[in-house]
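Using mature numbering (1 follows the signal peptide of the UniProt record, and there is no 0), the letters of the sequence shown correspond one by one to residues -30 to -1, 1 to 541.
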Amino acid sequence: MMAPPIGICGKHKLGMAALFFVLFSPLVASQSTSSASCVASPVSVPITNFAVANQRNGALARGISVGIGSPPQNIAFMPGWNNNTFVYDKTNLCHASWADYPDQSCITARGGAYDVVSSTTHDQGDGAAFASDSSQDLPQLTQYSDQFILNSHVQLSNYNFGVAQNNSGEQMYYPMATLGLGRNSTFLRGLKEQGLISSLSWSFFWGLEGRNTPLNGSIVFGGYDEAKLHGTNYTRKLNYTRCKSGMDVTVSGISLKFLDGSKYPMLESSLPACIDPTSIGVGDMPYQGSFENFVSMTNWTSFVTNTLGNTTVRSLGLNYYDLKYLNGDSPFEGNLLVTIEDGPPPIEVSNSELVVPHVDMDLNTGAWTESQTESDLLINEIPYITNMNLNRNFLSFMYIMVNLDAGEWTMWTADNTGRAEQLVAVDETNQVVRSNFCSPSKWSSSPSSSPSDSDSKKLSTGSIIGIAIGVAAAVVLIATVAFFLLRSRRNKKTQADPAQTTAAEVAVAPGEEEPKTYNSVSNTNTMYSDQASTMHQQPYADSSHMSGQSYELPGALAQWPTELDGSSGHR
């Protein structure tokens, strides 16, 4: 007699629960795999004031805080439009125009000095890992590789970068170490290739530097900080025709808002503009038809008497070549309203970030110090130009995100109230990915892509139909098999007591815990907790070259840990 089919009857017969599991487990496994998959969390790096590497007096500088090497050396970076990243070492630090700067002052101005010999993880650079760059954008570089520690649980291993062998010729306009975020950024590609981010994207918020309301900024790679957004987003294509940053806008209006609430327009006609977080100050603008109206409306007589803005009324310190009020001037006390065509509602730049204490270098210690008697106006007036820049201090009030994969950039009005960080990932098409974030231990390998959870974009119609057909087919198959199984069992029943009830066979599908989703992520790194509440003015000794009492820049970042707690526009 032919043996019965396996799984239907005979000694190989499967129970109903087991049969249900066999038939249904592919569907459950598929669902489990989809739910359990994750994406890389965006990587948030603070922009703050901290003691920079190899400055023996512990001087502070403000920038993107990155630790290089082992033990980590703290370097303050600014973003740049070159494709490669470079730093300065203890030699070749000072620009020719810094003749009176001693070495410690140059180290501060450069954002710290990288000492390759002190790093146990450094190696010679791989020339093939460098992208092509214009010789005009970079100094001469010696190539190295080392680890870049971005926060307490994320590091970019074996990253190839350059150490400058001469200055870049930019004087104090762009003095610091440069994190290359150009169109073929090796830094962003390194993060993506190591599975640390989901897309070649970054977002930027400068923070607040005003004496009364300091707030750390941040740069986020692979997404953005939702807590820094206010209102609607405005997305457009990157356009490098006129702007190195690719962020090309038209400024349709600039108005002065005085303390009594009155507003007076100072821009006579629309101007093309570039968004440029690499540059100092709120913005650069022409004199004619623009800044001349500011001078007139605020009655700034010393600007007029000093040849319409010669070096007498220029800051030659931290806010290089922005304007400076002289003793006896009455600094503007109102706010600035900037309207971007087809952009957010008018961006209001508060006076505390527009008119700031003059900051100069203490040549005895190499520390930036604030004057108590002089103020800088963070605008660079440039005669005869017909365009303008909106620079990093403007990005205390407007938030931006760039996605190189998608070829797009986005702007919002910034929320600078200091809310807790809420990181959101974006994919290569510039779509929000509200899926599980991988744990730090998984970041050493590339995360698999997956459909988002209920907060994500809807599934396509085809996907929904496919799921429905699959479920229906599974139900029909299970019902059919169950029918034949029951009939077979009735036919094979022995002489059991009719009154005896048999235990019901209950098919229970394997259960799984609902996966935890992370629509918002708070920053648990104590080294990077929001310092807005703890930053304070640190008194410093009088500087011989400055009048009045001076203060060192506020805020300091804790030293880098020796071990990680997880895996590894132009002026």
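Glycine included, each C-beta is placed from N, C-alpha and C at the ideal position.
Residue range of the unbroken alpha helix (DSSP H) whose run includes residue i
i: residue 159; result: 156 to 163
i: residue 73; result: 73 to 79
i: residue 323; result: 321 to 324
Bridge partners - residue i, DSSP secondary structure assignment
i: residue 371; result: 173 and 380
i: residue 125; result: 119
i: residue 131; result: 114
i: residue 47; result: 34 and 147
i: residue 235; result: 225
i: residue 270; result: Paired residues: none, contrary to the question.
i: residue 309; result: 223
i: residue 338; result: 331
i: residue 240; result: Answer is none; residue 240 lacks a bridge partner.
i: residue 256; result: 352
i: residue 345; result: 295 and 327
i: residue 318; result: 307
i: residue 141; result: Answer is none; residue 141 lacks a bridge partner.
i: residue 250; result: Residue 250 is not bridged to any residue.
i: residue 360; result: 245 and 253
i: residue 407; result: 9
i: residue 56; result: 132 and 148
i: residue 178; result: 185
i: residue 195; result: 393
i: residue 94; result: 114
Distance CB(residue i)-CB(residue j) smaller than 8 angstroms
i: residue 291; j: residue 284; result: yes
i: residue 308; j: residue 372; result: no
i: residue 125; j: residue 131; result: no
i: residue 381; j: residue 71; result: no
i: residue 293; j: residue 347; result: yes
i: residue 394; j: residue 193; result: yes
i: residue 121; j: residue 15; result: yes
i: residue 44; j: residue 9; result: no
i: residue 351; j: residue 219; result: no
i: residue 322; j: residue 183; result: yes
i: residue 164; j: residue 127; result: yes
i: residue 379; j: residue 142; result: no
i: residue 281; j: residue 27; result: no
i: residue 297; j: residue 339; result: no
i: residue 156; j: residue 99; result: yes
i: residue 52; j: residue 103; result: yes
i: residue 25; j: residue 197; result: no
i: residue 246; j: residue 361; result: yes
i: residue 201; j: residue 316; result: no
i: residue 179; j: residue 326; result: yes
i: residue 608; j: residue 11; result: Here the chain comprises residues numbered -30 to 541, so residue 608 is not present and cannot be evaluated.
i: residue 301; j: residue 341; result: no
i: residue 185; j: residue 33; result: no
i: residue 54; j: residue 150; result: yes
i: residue 190; j: residue 349; result: no
i: residue 289; j: residue 319; result: no
Start and end residues, beta strand (DSSP E) containing residue i
i: residue 18; result: 13 to 21
i: residue 286; result: First-last for residue 286: undefined, no H or E at that position.
i: residue 167; result: First-last for residue 167: undefined, no H or E at that position.
i: residue 191; result: 187 to 191
i: residue 203; result: 199 to 207
i: residue 217; result: Residue 217 -> no beta strand (DSSP E), and no H or E assigned at all.
i: residue 394; result: 393 to 396
Cβ of residue i within 8 angstroms of any chain C Cβ
i: residue 119; result: Checking the listed chains, one finds no chain C in this structure; it contains a single protein chain.
Contact test: residue i Cβ vs the ligand SAH heavy atom, cutoff 7 angstroms
i: residue 32; result: As far as ligands go, the structure on display features none, and thus does not contain the ligand SAH.
Checklist entry - Do three or more CB pairs link the segment 389 to 407 to the segment 159 to 173 at distances below 8 angstroms? => result Contact holds between the segment 389 to 407 and the segment 159 to 173, because three or more Cβ pairs, one in each stretch, are under 8 angstroms apart.
Next on the checklist: Would the segment 65 to 83 count as touching the segment 93 to 104 if we require 3 or more Cβ pairs under 8 angstroms?
Outcome noted: Because the criterion of three Cβ pairs below 8 angstroms is not met, the segment 65 to 83 and the segment 93 to 104 do not touch.
Checklist entry - Can we say the segment 249 to 259 touches the segment 351 to 364, given the rule of at least three CB pairs closer than 8 angstroms? => result yes
Next on the checklist: Quick check: the segment 215 to 235 against the segment 263 to 271, are at least 3 beta-carbon pairs closer than 8 angstroms?
Outcome noted: Segments in contact, yes.
Checklist entry - Between the segment 270 to 283 and the segment 230 to 248, do three or more beta carbon pairs fall short of 8 angstroms? => result no
Checklist entry - So does the segment 79 to 88 actually touch the segment 55 to 64, counting three or more Cβ pairs closer than 8 angstroms? => result yes
Next on the checklist: Any contact between the segment 205 to 217 and the segment 383 to 392? By contact I mean 3 or more CB pairs, one from each, below 8 angstroms.
Outcome noted: no
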